[in-house]
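Encoded as structure tokens, the structure appears first; notes follow it.
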Amino acid sequence: MKARNIKLLKQKAQRIYIGILLSQLTKFIMIMTNKNYKKMKNVDKEFIMDLFLDSENVCTVNRLVVSIANVINENHDNLNTLGDLMKREYNQVSQSVSDECLLGVSIRRVKCFYELVIQNFTDIEYVNKFKMKRSTVEALITFMKSYIKPGNIPLDKKVHVFLWFLLNDSSYNDIGKMFGLHKSSVSYIFNEIASLLTENRYHFISWPSSEEQHITRIKVNSRFKFPNCVGFIDACRFKVGPQRNRKEKPEMVLLQAVCDESLMFMDIYIGEKGKLRKNRVFKESPLSHELKNFVDFDNHILGDSDYRLKMNVITPFTSEELLTSEEMKFNEVHWKARSYIGRAFELLKERFRKLNHIDVVKMESVNYLISAACVLHNFILMQEGCSDVKEEIVLCDDGVSINTDIVKTAEEKRQFLCNYINYMDLEE
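Residue numbers for the sequence shown follow UniProt numbering, beginning at 1 and rising by one.
In structure tokens:
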């Protein structure tokens, strides 16, 4: 079955070459029709020669060229019709190319893939391939223009090379073959753009203002009846290192993130390789020292039981002892409200498939890749919003004031919130 799939993919890859050759031959036919032989230099001779040197395609291509030549000799009057047919065939081939075909088969370098295929995507095809709108990528390119100097490779092509790397489980070599670049150029483009996004991440990932926190409080309380919540903290693991040796257990790295009710990341921190305990990574992160300056006494972020209970980090009651019905109700509401961060991580990993296994050796590059993906996650939400988030009608006030004379410890604050949630549940 596997051999059959590989054969089918190879056939699809071959169709790409034939499709692009058809476009070149179409140019030739149009030139012949118009009797404008000076335009012959515009035909991509290098590409056609490269194609003919490919032993796997030579028989098919030879038959194709001979057939076309016969048609030209026998029926010169129908050249325009033939050209139209060839154009339609080329467009059909381009649209039918799948990711597996492009990425799963070793094909020769196609210099015009970006120019002839990607730039001719319809809006729907573009969103399907790049997981974002064309206008979003154009806005990203506009942002980068002031940071990246013009070079031999156009900036728009660089950005698409970088996005293709993040969006697919492909090596530098695979992407180089697709975009007509050497793998070292792809590596350079990745590091150039990933480092740029990482260095400028504070433009897109930042702790919300008091006014923005107030809006989050209202929305979370309105939807889940959990008061005074301004964010949600959790961490997810990523495999890192080469994929060549699958027998060895892959190393892992932990991404800690805080998000709001719109799934936007407010803070991110990447732990050291091999350190996988959430609370330990939290202690090492700058956020653990700065959180008291970001969150007022009444407010808090929600985290799971892997985090230590703090005044500004509220965790659920643990089941080491038998929980009361009130504590169970608190845990239920806490779990539902905390689901935002889980959805944010799911959206991040579904969009950027490279995060499923980061086959990058240098830890600095790993940090760049994860940070850049988080920046793009926020950038896309800023440009497009999130269809996964349902806007709630605000039906209640923004929360509750906590008396500092009564509540002095984190345990007392959690119990106060537990009592309030259960009281509000009875009122309904």
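Idealized CB from N, CA, C, for every residue including glycine.
These figures come from a predicted structure and were not determined experimentally.
### Query
Based on Cα-Cα distance, which residue from V230, N331, T409 lies nearest to E211?
Counting from 1 along the sequence shown, the entry for residue 211 is found at position 211. The option with the nearest alpha carbon to E211 is V230.
### Query
What's the call for P150, buried or exposed, on a 16-neighbour Cβ count within 10 Å?
Residue 150 sits at position 150 when you count from the first residue of the sequence shown. So P150 ends up on the exposed side.
### Query
Enumerated in chain order, which unbroken segments of the alpha helix (DSSP H) with a length of 4 residues or greater are wholly contained in the UniProt domain "DDE Tnp4" (252-378)?
278-284, 287-294, 325-351
### Candidates G241, E115, N120, S135, of which the one nearest K362 by Cα
As a first step, residue 362 must be located in the sequence shown, where it is residue number 362. Of the candidates G241, E115, N120, S135, G241 places its Cα closest to the Cα of K362.
### Query
Who are the Cβ neighbours of N378 in its own chain at under 8 Å, not counting the five residues just before and after it?
As a position in the sequence shown, residue 378 is number 378, starting the count at 1. Result list for N378: F204, I205, M264, F265, in chain order.
### Query
So is T404 buried or exposed if we call it buried at 16+ other beta carbons inside 10 Å?
Start at 1 with the first residue of the sequence shown, and residue 404 comes out as number 404. Counting Cβ neighbours within 10 Å, T404 comes out exposed, since fewer than 16 surround it.
### Query
If you drop the 5 nearest sequence neighbours on each side, which residues of the same chain put their C-beta closer than 7 Å to that of K336?
Your numbering for residue 336 matches position 336 in the sequence shown. Cβ within range, chain order: F224.
### Query
Can you tell me where the alpha helix (DSSP H) with V186 in it begins and where it stops?
One-based indexing of the sequence shown puts residue 186 at position 186. Here the alpha helix (DSSP H) through V186 covers 183-199.
### Query
Does the segment 139-149 come close enough to the segment 325-343 to have 3 or more Cβ pairs within less than 8 Å?
no
### Query
Applying the criterion that 16 or more other CB atoms from any shown protein chain within 10 Å of the CB defines a buried residue, is K219 buried or exposed?
Here the question's residue 219 lines up with position 219 in the sequence shown. Per the 10 Å Cβ criterion, buried.
### Task
Look at I380 and T122 and say whether their C-beta atoms are less than 9 Å apart.
Counting from 1 along the sequence shown, the entry for residue 380 is found at position 380. Counting from 1 along the sequence shown, the entry for residue 122 is found at position 122. Judged by beta-carbon spacing, T122 lies beyond the 9 Å limit of I380, meaning their Cβ atoms are not closer than that value.
### Task
Identify every run of the beta strand (DSSP E) within the segment 201-232, keeping only runs that are complete inside it and at least 3 residues long; order them along the chain.
none
#### Entry: Whole-angstrom distance between K133 and M424, CA atom to CA atom
For this step, residue 424 is matched to residue 424 along the sequence shown. For this step, residue 133 is matched to residue 133 along the sequence shown. Looking at the two C-alpha atoms, the distance is approximately 43 Å.
### Query
From which residue to which residue does the alpha helix (DSSP H) around S387 run?
Residue numbering aside, residue 387 sits at position 387 when the sequence shown is read from its first letter. Counting along the chain, S387 falls outside any alpha helix (DSSP H), and DSSP gives it neither H nor E.
### Message
Cutting at 6 Å between CB atoms, please list the residues of its own chain near N299, excluding the five before and the five after it.
### Response
Within the sequence shown, numbered from 1, the residue matching residue 299 stands at position 299. Within the same chain, Cβ atoms closer than 6 Å to the Cβ of N299 are found at N228, V230, the five residues on either side in sequence being excluded.
### Task
Have a look at L355 and N331 and give me their C-alpha separation to the nearest angstrom.
Your numbering for residue 355 matches position 355 in the sequence shown. Your numbering for residue 331 matches position 331 in the sequence shown. Whole-angstrom Cα-Cα distance: 31 Å.
### Message
Just verifying my parser: in three-state terms, what is the DSSP assignment at V240?
### Response
Here the question's residue 240 lines up with position 240 in the sequence shown. Reduced to three states, the DSSP call for V240 is strand.
### Query
Can you give the beta carbon distance from D267 to L287, rounded, assuming they're within the 8 Å contact cut?
Locating residue 267 in the sequence shown gives position 267, counting from the first residue. Locating residue 287 in the sequence shown gives position 287, counting from the first residue. D267 to L287, Cβ: 5 Å. Contact.
### Query
With respect to the alpha helix (DSSP H) encompassing T142, which residues constitute its N-terminal and C-terminal limits?
Residue numbering aside, residue 142 sits at position 142 when the sequence shown is read from its first letter. Its alpha helix (DSSP H) spans residues 134-144.
### Query
Going by beta carbon distance, what residues of the same chain come within less than 8 Å of V281, once the five residues before and after it are set aside?
To locate residue 281, count along the sequence shown from 1; it is residue 281. Cβ neighbours of V281 beyond the five flanking positions: A235, L254, Q256, Y269, G271, K275.
### Message
Which residue wins for smallest C-alpha separation from V313, given the options F294, C386, V375?
### Response
For the purposes of this step, residue 313 is taken as residue 313 along the sequence shown, with counting starting at 1. Here the closest residue by C-alpha is F294.
### Query
Buried or exposed: which applies to N419, given that a residue is buried once 16 or more other Cβ atoms fall within 10 Å of its Cβ?
Numbered from 1 along the sequence shown, position 419 holds the residue referred to as residue 419. Counting of Cβ neighbours within 10 angstroms places N419 among the exposed residues, the total staying below 16.
### Message
Quick check on the burial criterion: 16 or more other C-beta atoms within 10 angstroms. Buried or exposed for P316?
### Response
As a working note, residue 316 is residue 316 in the sequence shown. Counting Cβ neighbours within 10 Å, P316 comes out buried, since at least 16 surround it.
### Task
Flag this pair as yes or no: are the beta carbons of residue 436 and S365 separated by less than 9 Å?
The structure shown does not extend to residue 436, since the chain is modelled only from 1 to 428, so the question has no answer here.
### Message
Measuring only the C-alpha atoms, how far is E350 from L163?
### Response
On the sequence shown, residue 350 is found 350 positions in, with the first residue counted as 1. On the sequence shown, residue 163 is found 163 positions in, with the first residue counted as 1. Between E350 and L163, the C-alpha separation is close to 14 Å.
### Query
How long is the line joining the alpha carbons of G176 and Y368, rounded to whole angstroms?
For the purposes of this step, residue 176 is taken as the residue at position 176 of the sequence shown. For the purposes of this step, residue 368 is taken as the residue at position 368 of the sequence shown. Between G176 and Y368, the C-alpha separation is close to 20 Å.
### Query
Can you check whether the CB of L167 is closer than 9 Å to the CB of F345?
Residue numbering aside, residue 345 sits at position 345 when the sequence shown is read from its first letter. Residue numbering aside, residue 167 sits at position 167 when the sequence shown is read from its first letter. No; because the gap between Cβ atoms is not below 9 Å, this pair is not in contact.
### Task
Please report how far the alpha carbon of I421 lies from the alpha carbon of C374, in whole angstroms.
By one-based count along the sequence shown, residue 421 stands at place 421. By one-based count along the sequence shown, residue 374 stands at place 374. The straight-line gap from Cα to Cα measures roughly 33 Å.
### Task
Have a look at C386 and E261 and give me their C-alpha separation to the nearest angstrom.
Residue numbering aside, residue 386 sits at position 386 when the sequence shown is read from its first letter. Residue numbering aside, residue 261 sits at position 261 when the sequence shown is read from its first letter. Straight-line Cα distance between these residues: approximately 11 Å.
### Task
Using the Cα positions of K283 and R201, report the straight-line distance between them to the nearest angstrom.
Position 283 of the sequence shown, counted from the start, is the residue given in the question as residue 283. Position 201 of the sequence shown, counted from the start, is the residue given in the question as residue 201. Cα to Cα, K283 sits roughly 22 Å from R201.
### Message
Residues in the same chain with beta-carbon distance under 8 Å from E412, minus the five sequence neighbours each way, listed in chain order, please.
### Response
The residue given as residue 412 occupies position 412 in the sequence shown. In its chain, beyond the 5 residues on either side, I406 have a beta carbon closer than 8 Å to the beta carbon of E412.
### Query
What's the call for R217, buried or exposed, on a 16-neighbour Cβ count within 10 Å?
Residue 217 sits at position 217 when you count from the first residue of the sequence shown. By the neighbour-count definition (other C-beta atoms within 10 Å, threshold 16), R217 is a buried residue.
### Query
Does DSSP put D123 in a helix, in a strand, or in coil?
One-based indexing of the sequence shown puts residue 123 at position 123. Residue state, collapsed to three classes: helix.
#### Entry: Proximity winner among K131, P154, Y147, relative to E115 (alpha-carbon distances)
For the purposes of this step, residue 115 is taken as residue 115 along the sequence shown, with counting starting at 1. It is P154.
### Task
Using a threshold of 9 Å, state whether the C-beta atoms of H334 and K239 are closer than that.
Looking up residue 334 in the sequence shown gives position 334. Looking up residue 239 in the sequence shown gives position 239. The Cβ-Cβ distance between H334 and K239 does not fall below 9 Å.
### Message
Helix, strand or coil, according to DSSP, for D234 in the structure here?
### Response
Within the sequence shown, numbered from 1, the residue matching residue 234 stands at position 234. In the three-state scheme derived from DSSP, where H, G and I count as helix and E and B as strand, D234 is classed as strand.
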